[in-house]
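For reference, the structure is listed below as structure tokens.
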Ligand SMILES: N[C@@H](CCC(=O)N[C@@H](CS)C(=O)NCC(=O)O)C(=O)O
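In full-length UniProt numbering, the protein residues as written are 1 to 259.
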């Protein structure tokens, strides 16, 4: 669909707009949820970098900041009557999609099990994600060792989060927990490339989960290389080069630098 002028002022009623960036693991969470829900959406790729490949906040268009004053992807937006609804923060976007379209459900029906799913997502986002960035951003050997140890501990914690029957975190049902975790598992080759980091051998459930989850059509569709000359892993390795040498000027680099 083509928009006249900026995409916000010309957004038709009931068209769900999704602001994505192919390199972003948080936006990838929302992309996977949209695809799993089979929701029709209009996607706009936000280029976060300038021609030198550096993050360039000054390039963000005003309509983007109007939708998310934090200037981050993912963003979902739609018009309903006279109202413009805006949703940002990946986990909240995904919860919104669960409310927006009931089928197929991406959370279990039982209130206590839903709460457990949300607790896993929250701990993963608050602990695993900063440790992932810490391992890449820290340049001193001590900091890298700390980062690697912390990440291994988080992976072992994740291993213990599986419902005993698997294969997904919530058992047979693919859920928002899998979706929250998957983008960071897709980035393990980046850690392997820059930091010789691998999934610990005492995480067999995670290894089996990965085999089940990675072939899902939603994951394959949401794992598009932003450079036609590079396959997806190579593209991600390129994306994280500026994190690995600590020269990235992105909001994520700033968010996680001193954590
Ligand atoms: N907590 C946010 C994080 C989103 C985020 O950091 N997105 C990055 C891309 S991975 C972004 O848009 N950065 C903008 C910039 O670096 O200028 C979420 O879960 O949605």
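Glycine included, C-beta positions come from ideal geometry on N, C-alpha and C.
Give the single residue among the options whose Cα lies nearest to the Cα of residue i.
i: residue 256; options: 209, 126, 140, 230; result: 126
i: residue 173; options: 107, 64, 43; result: 107
i: residue 63; options: 52, 76, 150, 54; result: 76
i: residue 61; options: 47, 74, 199; result: 47
i: residue 26; options: 232, 183, 241, 222; result: 183
i: residue 232; options: 7, 15, 22, 14; result: 22
i: residue 165; options: 40, 205, 149; result: 205
i: residue 102; options: 115, 131, 38, 142; result: 38
i: residue 55; options: 42, 44, 71; result: 71
i: residue 260; options: 250, 137, 100; result: A question about residue 260 goes unanswered here, because the residues of the chain that appear run from 1 up to 259.
i: residue 11; options: 170, 42, 138, 179; result: 42
i: residue 192; options: 123, 244, 128, 177; result: 244
i: residue 91; options: 187, 44, 176; result: 176
Taking 6 Å as the cut-off, is the C-beta of residue i nearer than that to any heavy atom in ligand 3?
i: residue 55; result: Looking at this structure, you won't find ligand 3 anywhere; what it does contain is ligand 1.
To the nearest angstrom, how far is it from the Cα of residue i to the Cα of residue j?
i: residue 162; j: residue 201; result: 16 Å
i: residue 190; j: residue 18; result: 26 Å
i: residue 185; j: residue 93; result: 20 Å
i: residue 168; j: residue 112; result: 17 Å
i: residue 79; j: residue 7; result: 12 Å
i: residue 227; j: residue 240; result: 14 Å
i: residue 198; j: residue 155; result: 10 Å
i: residue 24; j: residue 139; result: 22 Å
i: residue 13; j: residue 134; result: 42 Å
i: residue 254; j: residue 53; result: 17 Å
i: residue 51; j: residue 110; result: 49 Å
i: residue 59; j: residue 65; result: 11 Å
Over the uninterrupted beta strand (DSSP E) stretch that includes residue i, give me the two end residues.
i: residue 116; result: Taken as a continuous stretch (DSSP letters only), residue 116 belongs to no beta strand (DSSP E), being part of the alpha helix (DSSP H) at 111 to 123.
i: residue 136; result: No beta strand (DSSP E) contains residue 136, which is instead part of the alpha helix (DSSP H) from 129 to 137.
i: residue 20; result: 17 to 20
Pull up the DSSP beta-bridge partners for residue i, would you.
i: residue 83; result: 80
i: residue 43; result: 18
i: residue 197; result: In the DSSP output, where bridge partners are listed per residue, residue 197 has none listed.
In the DSSP assignment, find the alpha helix (DSSP H) that holds residue i and state where it starts and stops.
i: residue 151; result: 141 to 159
i: residue 184; result: 176 to 185
i: residue 206; result: 204 to 213
i: residue 221; result: 217 to 221
i: residue 25; result: 25 to 36
i: residue 62; result: 62 to 67
Hey, is the segment 31 to 42 in contact with the segment 211 to 224, meaning 3+ C-beta pairs nearer than 8 Å? The segment 31 to 42 is in contact with the segment 211 to 224.
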